[in-house]
Ligand SMILES: Nc1ncnc2c1ncn2[C@@H]1O[C@H](COP(=O)(O)OP(=O)(O)O)[C@@H](O)[C@H]1O
Ligand SMILES: [Mg+2]
C-alpha cells in the first residue's frame, strides 16, 4: 500500500518522537510512505525570536491562517524546509530509514496560485479585504520525482511550501498538501497524526464515520480539526479509500490506526 502520513506541528516540538519513528520503521517494511510535516508553532516561536511577531487571520469560514508577508515566508522556509524537515530526516536516518527531505519547490512538486486577496474577520465579526501575501492554493502536483523515489524505496519528507507561477515560495496548508498528494499519487490511505486521539464529538473520540455523516457535523468541529476533516473529505472524493486521524504521541500510532484500534476512520461509505 501507499500511505501518505502527515505529522502535525503540534507533535513535532522536539522533532519526531522515538516511538513514532520506531513504528514508522516497521510500517515502511510493508508499505511505501510519503511524509508531510507541519510546524507552525516552531515558525511562530523563531519568528518572534527574530523580532518578527506573527499575525494570524481568521477567514469567514473559520480557518485560522498565518499572515505571510515577504519576511514571514523567508522565516517560514528557513524553519520548515531547514530546521524541521532536516530534524525529521535525521530522526529517520538514525533508524536506518532512507529519508529524503524535500519541499514542494523541489522539481516543482507543488505548484500553487497565489491568493491575491484574503478576507479577514476581526473579533467583532467585521470583514476586511487584505493582500494575500505569500499564501497559495495548490493547483498542480508533479509526481514524477516522488514516483522515482518511491520506486527505489526512498521515503520522501515534504515541507508544505509550493511554487508560485512567478517562482516565489508560497505557504500552503499542511493537511491540504497531504490530501492533495494522496490524491495525485493515488495513495490507499491518508493518515493525519495530531495531538488529540482523533475527531472528538461530544467529548468522545469517534472511531468510525462516513463522509456524508461527517459533513453534517462539520459546523461543530473546531479550528485545527476542521481543516483535517475538509482535507480528508477532499482525498476521499479523489479515490483515497480511508482517512485516519489519530494521535501521533501514542505508542505505535501508525500500526494501531491502520488496524483501526485507535483514532478516527473516515470512509466514503
Ligand atoms: N472536534 C474536534 N476534535 C478534535 N480536535 C479538535 C476538535 N475541534 C477542534 N480541535 C482542535 O484541533 C487540534 C488539532 O489541530 P492542530 O492544532 O492544527 O494540530 P496539527 O498540528 O496536528 O495540525 C486539536 O488539538 C484540538 O484542539
Ligand atoms: Mg493544523
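Numbering (our numbering), first residue to last: 1294 to 1562. Cβ atoms here follow ideal geometry from the backbone N, Cα and C, with glycine treated the same way.
Endpoints, alpha helix (DSSP H) assigned at residue 1546: Per DSSP, residue 1546 belongs to the alpha helix (DSSP H) from 1546–1551.
Nearest neighbour of residue 1368, chosen from 1529, 1353, 1386, 1341 [CA to CA]: 1341
Buried versus exposed, by CB contacts within 10 Å (16 or more), residue 1359: buried
Buried versus exposed, by CB contacts within 10 Å (16 or more), residue 1309: Buried, by the Cβ-count rule.
Segments assigned beta strand (DSSP E), at least 3 residues, entirely inside the region 1474–1523: 1482–1487, 1501–1503
Closer than 8 Å: residue 1396 CB and nearest ligand 2 heavy atom: no
Contact check, residue 1397 vs residue 1455, beta carbons under 9 Å: yes
Validate contact between the region 1366–1386 and the region 1449–1466 using beta carbons, cut 8 Å, 3 pairs: The answer is yes - the region 1449–1466 touches the region 1366–1386, with three or more Cβ pairs under 8 Å.
Where the beta strand (DSSP E) containing residue 1420 begins and where it ends: 1420–1424
Inter-stretch contact at 8 Å, needing at least 3 Cβ pairs: the region 1458–1469 / the region 1519–1527: yes
The alpha helix (DSSP H) enclosing residue 1370, as first and last residue numbers: 1363–1370
beta-carbon residue 1323 near ligand 2 non-hydrogen atom, thresh 8 Å: no
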